[in-house]
Amino acid sequence: MNLATFGFIFVGICLNAVAQLLLKAGTNAVGAIHLTAENWFSTGIKLATQLPIIGGLTCYVISVGVWIIGLSRVDVTVAYPLLSLGYIINAIGAWYFLGEAVSAQRLLAIGVIIVGVVLLTRS
């Protein structure tokens, strides 16, 4: 895999991770969602008007386009497992931007993911 191809794959992964963080920020602003027959529409409007949610959905759309370009250049058996880098990006982003805890067990799991990605990209 050359640098340009890895760049497309990595940008797609980053956009996907940012989308998750923005969606979580939007739901944090709304609070826990409990859908009922009476509130589903108003809850949907409340979610649809949250700027972080709009930004997250936008990142998803762009990430799909970038991901398709990357997939056109590399085997899916290589590209798809690289999505696990999103776990690392999300863990760091959730800790830094959302104040979520990152335990020693999670750090160990991130280390395992990194080893797997390195092995995959060298194959």
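Per the UniProt record's numbering, the sequence shown runs over residues 1 to 123. Don't be surprised by glycine CBs; every beta carbon is placed ideally from N, CA and C.
Determine the burial state of residue i: buried for a count of at least 16 other Cβ atoms within 10 Å of its Cβ, exposed for fewer.
i	result
Ile13	buried
Ser63	buried
Ala48	exposed
Ala25	buried
Ala37	exposed
Gly99	exposed
So residue i packs on residue j, CB below 8 angstroms; how close in whole Å?
i	j	result
Gln50	Ala29	6 angstroms
Met1	Thr77	12 angstroms between Cβ atoms; not a contact.
residue 127	Ile88	Residue numbering for the chain in the displayed model covers 1 to 123; residue 127 lies beyond these limits and cannot be assessed.
Relative to the alpha-carbon of residue i, which residue among the options has its alpha-carbon at the smallest distance?
i	options	result
Leu23	Phe97, Leu35 and Ile68	Phe97
Where does the unbroken alpha helix (DSSP H) through residue i begin, and where does it stop?
i	result
residue 124	Residue 124 lies beyond the residue range present for the chain, which begins at 1 and ends at 123; the question has no answer from this structure.
Val115	Ala104 to Arg122
Gly55	Leu51 to Leu71
Asn90	Leu85 to Leu98
Val76	Val76 to Leu82
Ala48	Trp40 to Ala48
If I measure Cβ to Cβ from residue i and keep anything under 6 angstroms in the same chain, skipping five residues before and after, which residues do I get?
i	result
Ile9	Gly70, Ala79 and Leu82
Leaving aside the five residues before and after residue i along the sequence, list all residues of the same chain whose C-beta is less than 7 angstroms from its C-beta, in chain order.
i	result
Val102	Ala91 and Trp95
Can you name, in chain order, every residue of its own chain whose Cβ lies under 8 angstroms from the Cβ of residue i, other than the five neighbours on each side?
i	result
Leu35	Thr43
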